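Chemist: Residue numbers (this note's numbering), protein chains in the order written: chain F, 1 to 509; chain S, 510 to 1018.
Here a beta-carbon is modelled for each residue, glycine too, at the ideal position from N, C-alpha and C.
Because the structure is a prediction, the values reported are computed rather than measured.
Protein chains: 2
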Amino acid sequence: MLVGRQNNRARPQQRMRVRTAEDVAHRQRKGVVPAASNAHVGGHPFARLADNECLYQYESRSKAAFDKIEGVLRQIAQYQHRVDFVSQAQHITKQEFGFALPEQMLDNTWVAPLDMKAIYAWCVFETFHRFADEFYSTEPLAHPQDQQFQAFLESCGFHIFDVSPCADGRLAHAVRYVLRLPHKHVRRKSYAGAMFDVEDSLQKWVKIEHIRHREGKPNAASEPTRYLKAAMYHYSSSQPDVEGCAAHGSDSVKAAAEALGRLEAFQQGVENSFCCGASIDLMLIGIDTDNDSIRIHIPDAQGRISGECFIDAGDVYNQTRHLNASNDLAIVGDLLKEKANEFGVQPSDGMVRMITRLILNNISQIDYVRKYFKGSYSDVGHQERFIGMGIGFEEVQLRNLTYFAYLKTVEQGAKDLDVGIKIFTGLNIKRGLPAPVVIRYDYHGNVPGARDRAVARCKCLDLAMRQRFPEQAEKGLLHTLLVVRDCNADNKIEVVASSVTPEDTGGHH
Amino acid sequence: MLVGRQNNRARPQQRMRVRTAEDVAHRQRKGVVPAASNAHVGGHPFARLADNECLYQYESRSKAAFDKIEGVLRQIAQYQHRVDFVSQAQHITKQEFGFALPEQMLDNTWVAPLDMKAIYAWCVFETFHRFADEFYSTEPLAHPQDQQFQAFLESCGFHIFDVSPCADGRLAHAVRYVLRLPHKHVRRKSYAGAMFDVEDSLQKWVKIEHIRHREGKPNAASEPTRYLKAAMYHYSSSQPDVEGCAAHGSDSVKAAAEALGRLEAFQQGVENSFCCGASIDLMLIGIDTDNDSIRIHIPDAQGRISGECFIDAGDVYNQTRHLNASNDLAIVGDLLKEKANEFGVQPSDGMVRMITRLILNNISQIDYVRKYFKGSYSDVGHQERFIGMGIGFEEVQLRNLTYFAYLKTVEQGAKDLDVGIKIFTGLNIKRGLPAPVVIRYDYHGNVPGARDRAVARCKCLDLAMRQRFPEQAEKGLLHTLLVVRDCNADNKIEVVASSVTPEDTGGHH
Chain F
1 MLVGRQNNRA RPQQRMRVRT AEDVAHRQRK GVVPAASNAH VGGHPFARLA
51 DNECLYQYES RSKAAFDKIE GVLRQIAQYQ HRVDFVSQAQ HITKQEFGFA
101 LPEQMLDNTW VAPLDMKAIY AWCVFETFHR FADEFYSTEP LAHPQDQQFQ
151 AFLESCGFHI FDVSPCADGR LAHAVRYVLR LPHKHVRRKS YAGAMFDVED
201 SLQKWVKIEH IRHREGKPNA ASEPTRYLKA AMYHYSSSQP DVEGCAAHGS
251 DSVKAAAEAL GRLEAFQQGV ENSFCCGASI DLMLIGIDTD NDSIRIHIPD
301 AQGRISGECF IDAGDVYNQT RHLNASNDLA IVGDLLKEKA NEFGVQPSDG
351 MVRMITRLIL NNISQIDYVR KYFKGSYSDV GHQERFIGMG IGFEEVQLRN
401 LTYFAYLKTV EQGAKDLDVG IKIFTGLNIK RGLPAPVVIR YDYHGNVPGA
451 RDRAVARCKC LDLAMRQRFP EQAEKGLLHT LLVVRDCNAD NKIEVVASSV
501 TPEDTGGHH
Chain S
510 MLVGRQNNRA RPQQRMRVRT AEDVAHRQRK GVVPAASNAH VGGHPFARLA
560 DNECLYQYES RSKAAFDKIE GVLRQIAQYQ HRVDFVSQAQ HITKQEFGFA
610 LPEQMLDNTW VAPLDMKAIY AWCVFETFHR FADEFYSTEP LAHPQDQQFQ
660 AFLESCGFHI FDVSPCADGR LAHAVRYVLR LPHKHVRRKS YAGAMFDVED
710 SLQKWVKIEH IRHREGKPNA ASEPTRYLKA AMYHYSSSQP DVEGCAAHGS
760 DSVKAAAEAL GRLEAFQQGV ENSFCCGASI DLMLIGIDTD NDSIRIHIPD
810 AQGRISGECF IDAGDVYNQT RHLNASNDLA IVGDLLKEKA NEFGVQPSDG
860 MVRMITRLIL NNISQIDYVR KYFKGSYSDV GHQERFIGMG IGFEEVQLRN
910 LTYFAYLKTV EQGAKDLDVG IKIFTGLNIK RGLPAPVVIR YDYHGNVPGA
960 RDRAVARCKC LDLAMRQRFP EQAEKGLLHT LLVVRDCNAD NKIEVVASSV
1010 TPEDTGGHH
């Protein structure tokens, strides 16, 4: 399946050598590849250190807001039988969180213990709401080359870059951090195991192409550019058998092969459904979730991808650590061509430009992890703060913040949701804390009735999830915040309901 | 809402007069309009009597095959304790149905009674399977003007005719019988109350327009034709309060207003989502399910539709009963213009041509009901033979054969399914007979993996329905046949599973 579309006769012997993430880690341990530990301070000449600093500030303070919740609530819990509990609790939360709790959640502690599960969920939701509001109002992740990206993409021969990472929270920062791309200009749809929906993608392809025909946006249909679809699978170099992709049993070869199979199905679907040479270009990306180092599989001139022929950004990082940055693009480009030659593969010029850019961008991210996380995240495993479910979540561009299941119904997306609940059973439920689930439906406000339908869909998802996990819901171990957003208006999110304080839409106004 | 988009100043006084279906019936009873009973023998000069004969032959023999099932099984039931029961039963069923029953369903009657519920469902499914095979192999409903319809449509200024009738089985024959159109060239998507999905329709619009841009099919995008979307609501002139549309509480004014609201939302969605004057044309059709007489609301020059201004095919039938057929189109066209003038409405020439054709076509159907059903169906209410659920069912073009819920998931389409189960509770379940449910997913076989996904979706729908109606499922009062079809290959249907004989896919090969 992985090599199904390539011409075997043209493939030289050396292409048969498979280098997996595990191999790389093994080679690093043996000293063949310079180990990350040598460079924990970061500071690669090609890395954009100022960007890294901004991104780190945003990531650390955003996550800190979520991470202090448990500690503060533990602190409050000890005072719950004091006479002045309410004012004491409000004093602490205002100081620590910057917001007060709803009074009705604190009353009556003389007769019943605090509903800490609900309070915890309320705090997570309130923190998420503030986080989302900041994202849309101050644009902390605005990209320095936001305006230039589309022109660059077109210069590579593409008019859209559509990425399906795995739904795993450790890939939620794939676009803005790992690939350093402007999130507004990249389509992201996450699925467990990167196994995106082919029919959904076909619909999106038709819509994109139609707007090119009708409105000449982002470029005219007569321009010979193509839709570029990428799938991003993942693995863990430190704990390959445990912390890889759950959807593929932590088997990185299987993860790559199945993601590639899905890409090829989408491509063939386009080719078979439409005439006149309709096709798309494909890109297969792997990511080591320990350190955000990516590998990009290099397509040949016909766009065919193999599992073996890839360029590893970690290798490039090490090979270029002492070189001059003034020529960074050319250096990375040469390394890419060298790697392609090694496998007898001749990628198109545009694809070389595109991959070169992504590898170079990723060097900044590798440096970021080296500098701020000592070369490997301390949360190598799952550490998501909440589950996101539905359609939307543009504001979530941070690693391990959200397990995100892109789905229209629980009925069809049950597999993705189940993985999320399983993860949160380990993270929260086992410790008596609820899984906070933000249910989301973005809508096009210029279509009459769309908001009402989005609200109805949120409620439908909420109900379906509770029916699927009745025990957790019954015990207060599943709390939900229902959110919609008009994606045409570039608006803030709108909270429409919450299981925590149903009567007043959760106080999340 | 109903008159929301029209210019009130331009509306003359007489437009305020509302004539509902009930009014018409009342006027008929008072003799103002010639009553249907005068013409029960049919034979209107404008009617296509030979077509009617063919359509009746097909309808009557198709339904007879379903309708004899119960009687034959009652007959068999009485022999179940005889020693030669199996051969006796097979003899009778072969003779009556033309097929034998699976032996394993007949064995063991000495120790346990026949599972008549399962046998009944098996027979319904087998009959449906034969019915569908006949439809695709011999094309009994091939339309005499099949090849000319598209040219006619384009001459009216449209490139596609997309109809959403109510899901009610009494409208399942809307395209081929009531409107006398070639079913292959009309898009039909049924929803309870004709309340079609706006987002789904927008996707379809984009797809249709894209193919015009890319492939020039059915005509080039440069041609100034439009997408024509129709909604068809219904009422019952004999029992307006009981046998109208369940989704709108048998209120025909509400049914019309809400269908129109949905049409306008779709139109506005297209206009707001796409530039360059993108729009669609709308048509609102009402049908009296007693006698298949339609009314078409006449849009003004700007395409705006009101609830009051419509032409009633029953009136036209009566007014033209003694006229010469050689000039039928012109006569109906004049009556239409007269009616439009009465309301101060000036429809476009293309719309006049289109409505004229539909009214003239419907005269044949009114005549059909007069001749073969004495002017009013004996099954004024629900008399569906099975429920159809999912995507597809092109082969079902017969009245009251199928309650059809067009849905992708039970989660989103629950309302439509619930109506179907409610109907079958009255028809079957109360009498101890199961609701036979055909679950269907048509797929595009040229997209890799599409068949497997269609099969998986069928299974997912099956499971979701059983979870929604656990008691009925448990008691054997809900039986399912899972069917897929490659709609690209113009293939027969393919049975993939059945609850009746799960181990051998139901014997329906």
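1. How many Å lie between isoleucine 803 of chain S and aspartate 797 of chain S at the Cα?
2. Would arginine 214 of chain F count as contacting chain S if we go by Cβ distances under 8 Å?
3. So which of F:Tyr406, F:Leu106 and F:Val316 has the shortest CA-CA distance to cysteine 458 of chain F?
4. Would you say valine 964 of chain S faces chain F, with C-beta separation under 8 Å as the test?
5. Within a Cβ cutoff of 8 Å, which residues of the same chain sit near phenylalanine 933 of chain S, ignoring the five residues on either side of it in sequence?
6. Alpha carbon to alpha carbon, how far is valine 198 of chain F from arginine 304 of chain F? Give it in angstroms, no decimals.
7. Rounded to a whole number of angstroms, what is the C-alpha to C-alpha distance between aspartate 821 of chain S and alanine 849 of chain S?
8. Cβ of asparagine 491 of chain F less than 8 Å from any chain S Cβ?
9. Is alanine 914 of chain S helix, strand or coil by DSSP?
10. What first and last residue would you give for the beta strand (DSSP E) that runs through phenylalanine 594 of chain S?
11. Inspect the beta-carbon positions of tyrosine 58 of chain F and proline 140 of chain F and report whether they are closer than 8 Å.
12. Taking just the CA atoms, how far does tyrosine 629 of chain S sit from aspartate 593 of chain S?
13. Starting from glycine 958 of chain S, find everything on chain F with Cβ-Cβ shorter than 7 Å and list it in chain order.
14. Identify each residue in the stretch 274-308 of chain F for which the Cβ-Cβ distance to at least one residue of chain S is less than 8 Å, and report them in chain order.
15. What whole-angstrom Cβ distance do valine 672 of chain S and methionine 741 of chain S have, given they're in contact under 8 Å?
16. Can the beta-carbon of alanine 701 of chain S be found less than 8 Å from the beta-carbon of alanine 756 of chain S?
17. What residues from the stretch 393-420 of chain F come within 9 Å of chain S, judged by C-beta to C-beta, listed N to C?
18. Following the continuous beta strand (DSSP E) through isoleucine 305 of chain F, name the residue where it begins and the one where it ends.
19. Rounded C-beta distance between histidine 638 of chain S and valine 1004 of chain S? I'm assuming under 8 Å.
20. Taking only the alpha-carbon atoms, compute the straight-line gap between leucine 477 of chain F and glycine 432 of chain F and give it to the nearest angstrom.
21. Let me know if asparagine 871 of chain S comes out buried or exposed under the rule of 16 or more other beta-carbons within 10 Å of its beta-carbon.
22. Between the Cα of serine 137 of chain F and those of F:Lys492, F:Leu461 and F:Thr501, spot the shortest distance and give me the residue it belongs to.
23. By how many angstroms is the C-alpha of proline 622 of chain S removed from the C-alpha of aspartate 452 of chain F?
24. For proline 599 of chain S and valine 633 of chain S, I'd like the C-alpha separation in whole angstroms.
25. Could you name the residues that DSSP lists as bridge partners for methionine 587 of chain F?
26. Kindly list, in the order they appear in chain S, the residues whose Cβ is closer than 8 Å to that of lysine 475 of chain F.
27. Over what stretch of residues does the beta strand (DSSP E) that includes methionine 389 of chain F continue unbroken?
28. With DSSP run on the structure shown, which of helix, strand or coil describes glutamate 1003 of chain S?
29. Measuring only the C-alpha atoms, how far is threonine 602 of chain S from glutamate 983 of chain S?
30. Would you say glutamine 584 of chain S reaches chain F, if we count a Cβ-Cβ gap shorter than 8 Å as a contact?
31. I'd like to know whether the C-beta of asparagine 272 of chain F is nearer than 8 Å to at least one C-beta of chain S.
32. How should cysteine 969 of chain S be labelled, buried or exposed, when 16 other C-beta atoms within 10 angstroms of its C-beta is the threshold for buried?
33. Any chance the stretch 665-683 of chain S sits against the stretch 898-913 of chain S, with 3 or more Cβ pairs inside 8 Å?
34. Going by the CB atoms, is the gap between tyrosine 443 of chain F and glutamate 486 of chain F shorter than 8 Å?
35. Need the endpoints of the beta strand (DSSP E) that tyrosine 952 of chain S sits in, please.
36. Does glutamine 203 of chain F come within less than 8 Å of chain S when only Cβ atoms are used?
Modeler: The answer reads as follows:
1. The residue labelled residue 803 of chain S in the question sits at position 294 within the second sequence. The residue labelled residue 797 of chain S in the question sits at position 288 within the second sequence. If you take the alpha carbons of isoleucine 803 of chain S and aspartate 797 of chain S, they lie about 6 Å apart.
2. On the first sequence, position 214 is the one that residue 214 of chain F refers to. At least one CB of chain S lies nearer than 8 Å to the CB of arginine 214 of chain F.
3. Here residue 458 of chain F refers to the residue found at position 458 when the first sequence is read from its first residue. Selection F:Tyr406, F:Leu106 and F:Val316 evaluated against cysteine 458 of chain F yields F:Tyr406 as nearest (Cα-Cα).
4. As a first step, residue 964 of chain S must be located in the second sequence, where it is residue number 455. It does not; no Cβ of chain F falls within 8 Å.
5. Taking the first residue of the second sequence as 1, we reach residue 933 of chain S at position 424. Once the five neighbours on either side are set aside, the close Cβ partners of phenylalanine 933 of chain S are Glu893, Ile896, Tyr912 and Ala944.
6. Position 304 of the first sequence, counting from 1, holds the residue named residue 304 of chain F. Position 198 of the first sequence, counting from 1, holds the residue named residue 198 of chain F. The alpha-carbon of arginine 304 of chain F is positioned some 18 Å away from that of valine 198 of chain F.
7. Along the second sequence, read from residue 1 onward, the residue named residue 821 of chain S stands at position 312. Along the second sequence, read from residue 1 onward, the residue named residue 849 of chain S stands at position 340. Between the alpha carbons of aspartate 821 of chain S and alanine 849 of chain S lies a gap of roughly 12 Å.
8. If you number the first sequence from 1, residue 491 of chain F lands on position 491. With 8 Å as the cut-off, asparagine 491 of chain F does not count as an interface residue toward chain S.
9. Residue mapping note: residue 914 of chain S aligns to position 405 of the second sequence, counting from 1. Strand.
10. Along the second sequence, read from residue 1 onward, the residue named residue 594 of chain S stands at position 85. The continuous stretches of beta strand (DSSP E) do not include phenylalanine 594 of chain S, which lies in the alpha helix (DSSP H) extending over residues 594-606.
11. As a first step, residue 58 of chain F is located in the first sequence; it is residue number 58 there, counting from the start. As a first step, residue 140 of chain F is located in the first sequence; it is residue number 140 there, counting from the start. Cβ atoms of tyrosine 58 of chain F and proline 140 of chain F: closer than 8 Å.
12. As a first step, residue 593 of chain S must be located in the second sequence, where it is residue number 84. As a first step, residue 629 of chain S must be located in the second sequence, where it is residue number 120. About 21 Å.
13. The sequence position of residue 958 of chain S within the second sequence is 449, counting from 1. Going along chain F in sequence order, the residues near glycine 958 of chain S (Cβ under 7 Å) are Val198 and Ala265.
14. Cβ contacts with chain S come from Phe274, Cys275, Cys276 and Ala278.
15. Numbered from 1 along the second sequence, position 163 holds the residue referred to as residue 672 of chain S. Numbered from 1 along the second sequence, position 232 holds the residue referred to as residue 741 of chain S. That belief holds up - the Cβ atoms of valine 672 of chain S and methionine 741 of chain S are roughly 6 Å apart, short of 8 Å.
16. Position 192 of the second sequence, counting from 1, holds the residue named residue 701 of chain S. Position 247 of the second sequence, counting from 1, holds the residue named residue 756 of chain S. Contact: yes.
17. Answer set for the stretch 393-420 of chain F: Lys408, Thr409, Val410, Glu411, Gln412 and Ala414.
18. Indexing the first sequence from 1 puts residue 305 of chain F at position 305. Here isoleucine 305 of chain F belongs to no beta strand (DSSP E), and DSSP marks it neither H nor E.
19. As a working mapping, residue 638 of chain S is identified with position 129 in the second sequence. As a working mapping, residue 1004 of chain S is identified with position 495 in the second sequence. Approximately 6 Å separates the beta-carbon atoms of histidine 638 of chain S and valine 1004 of chain S; this is inside 8 Å, confirming the contact.
20. In the first sequence, the residue the question calls residue 477 of chain F occupies position 477. In the first sequence, the residue the question calls residue 432 of chain F occupies position 432. Separation of leucine 477 of chain F and glycine 432 of chain F (C-alpha to C-alpha, rounded to the nearest whole angstrom) is 7 Å.
21. Translated into the one-based positions of the second sequence, residue 871 of chain S becomes position 362. Counting C-beta atoms within 10 angstroms of its own C-beta, asparagine 871 of chain S has 16 or more neighbours from the protein chains shown and is therefore classed as buried.
22. Indexing the first sequence from 1 puts residue 137 of chain F at position 137. Of the listed residues, the one whose Cα sits closest to serine 137 of chain F is F:Lys492.
23. Here residue 452 of chain F refers to the residue found at position 452 when the first sequence is read from its first residue. Here residue 622 of chain S refers to the residue found at position 113 when the second sequence is read from its first residue. When rounded, the distance between both Cα atoms is 52 Å.
24. Within the second sequence, the letter at position 90 stands for residue 599 of chain S. Within the second sequence, the letter at position 124 stands for residue 633 of chain S. Here the sequence assigns glutamine to residue 599 of chain S, which means proline is not the residue at that position. Near 16 Å, if we compare the C-alpha coordinates of valine 633 of chain S and glutamine 599 of chain S.
25. What is shown of chain F runs 1 to 509, which leaves residue 587 of chain F out entirely.
26. By one-based count along the first sequence, residue 475 of chain F stands at place 475. Residues of chain S passing the Cβ test: none, with the nearest at roughly 21 Å.
27. Counting from one through the first sequence, the residue named residue 389 of chain F turns up at place 389. Element bounds for methionine 389 of chain F: 386-391.
28. Counted from its first residue, the second sequence places residue 1003 of chain S at position 494. Glutamate 1003 of chain S carries a strand assignment under DSSP once its states are collapsed to helix, strand and coil.
29. Stepping through the second sequence from its first residue, residue 602 of chain S is reached at position 93. Stepping through the second sequence from its first residue, residue 983 of chain S is reached at position 474. Approximately 28 Å, taken between the alpha carbons.
30. Locating residue 584 of chain S in the second sequence gives position 75, counting from the first residue. For glutamine 584 of chain S, the answer is no, since every Cβ of chain F falls outside 8 Å of its Cβ.
31. Within the first sequence, numbered from 1, the residue matching residue 272 of chain F stands at position 272. Yes - at least one Cβ of chain S is within 8 Å of the one on asparagine 272 of chain F.
32. Here the question's residue 969 of chain S lines up with position 460 in the second sequence. Looking at its Cβ environment, which holds 16 or more other Cβ atoms inside 10 Å, cysteine 969 of chain S is buried.
33. In short, these stretches touch, since the Cβ pair count reaches three.
34. Against the first sequence, residue 486 of chain F aligns to sequence position 486. Against the first sequence, residue 443 of chain F aligns to sequence position 443. Checking the displayed sequence, the identity of residue 486 of chain F turns out to be aspartate instead of glutamate. It is a contact, given that the beta carbons lie within the stated cut-off.
35. Within the second sequence, residue 952 of chain S is the residue found at index 443, counting from 1. Note, tyrosine 952 of chain S: beta strand (DSSP E), 944-952.
36. Locating residue 203 of chain F in the first sequence gives position 203, where the first residue counts as 1. It does; some Cβ of chain S falls within 8 Å.
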